[in-house]
Amino acid sequence: MTDSTPHGAEEPRQSWVYSTGSWSPIVDPLTHEHGGGFDATVKAAGYEAWTGAGEAHNVPLTLTVFSRLQEPCFLFDLEGSGTSEQFFARTLPDALALLNQLAPTLQALAVTDQIARAEPKSMSGLADLLDTLHGRRRDTAGRIVEH
-11 MTDSTPHGAE EPRQSWVYST GSWSPIVDPL THEHGGGFDA TVKAAGYEAW TGAGEAHNVP
49 LTLTVFSRLQ EPCFLFDLEG SGTSEQFFAR TLPDALALLN QLAPTLQALA VTDQIARAEP
109 KSMSGLADLL DTLHGRRRDT AGRIVEH
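So for the sequence shown, the working numbering puts the first residue at -11; every next one is plus one.
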């Protein structure tokens, strides 16, 4: 059996790109060099921060989108608990379509996380809003008052 990869050469790292409604594999535009951090790798590939959702350690899933002029123009970094995944969108319309698809998940996770963290003594505005929507009242200790 023969190996098509020359000795000492590594296979190019693969990633995914979203373009005109479908996903395709591509050679990863990021050069993952040993010792270089993610931020340096992103900058070396010509990407700059464009937008994001969620703050690290505050929600279970965060998204940062980077952009550059060269295709694929958008890099998505989706970070979960202890791991992250990167993927790409070829153009602005592709990036906007992906953001539209990801928004409900990011929003639901953020709201669910905030509700789970709400405590009676430090009720957030969200918890107060939920109490109002459900017609609940709380006493000064944060306990629900029965009608």
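C-beta atoms are modelled at their ideal positions from N, C-alpha and C, and glycine is treated no differently.
Per DSSP, cross-strand counterpart(s) of residue i
{"i": "Trp38", "result": "Trp38 is not bridged to any residue."}
{"i": "Asp65", "result": "Thr52, Gln74"}
{"i": "Gln2", "result": "Val15"}
{"i": "Arg125", "result": "Val133"}
Exposure label - residue i; buried when at least 16 CB within 10 Å
{"i": "Leu121", "result": "exposed"}
{"i": "Gln58", "result": "exposed"}
{"i": "Gln89", "result": "exposed"}
{"i": "Gly123", "result": "exposed"}
{"i": "Val5", "result": "buried"}
{"i": "Glu67", "result": "buried"}
{"i": "Thr52", "result": "buried"}
{"i": "Gln74", "result": "buried"}
{"i": "Asp98", "result": "For the record, residue 98 in the displayed sequence is Ala; it is not Asp. It counts as buried."}
Distance between beta carbons of residue j and residue i, contact taken as under 8 Å
{"i": "Thr50", "j": "Ala41", "result": "7 Å"}
{"i": "Cys61", "j": "Thr79", "result": "6 Å"}
{"i": "Ser10", "j": "Phe76", "result": "Not a contact, Cβ separation roughly 13 Å."}
{"i": "Phe54", "j": "Ala32", "result": "Not confirmed; about 12 Å, so no contact."}
{"i": "Pro48", "j": "Ser69", "result": "6 Å"}
{"i": "Arg56", "j": "Tyr35", "result": "5 Å"}
{"i": "Leu86", "j": "Phe64", "result": "7 Å"}
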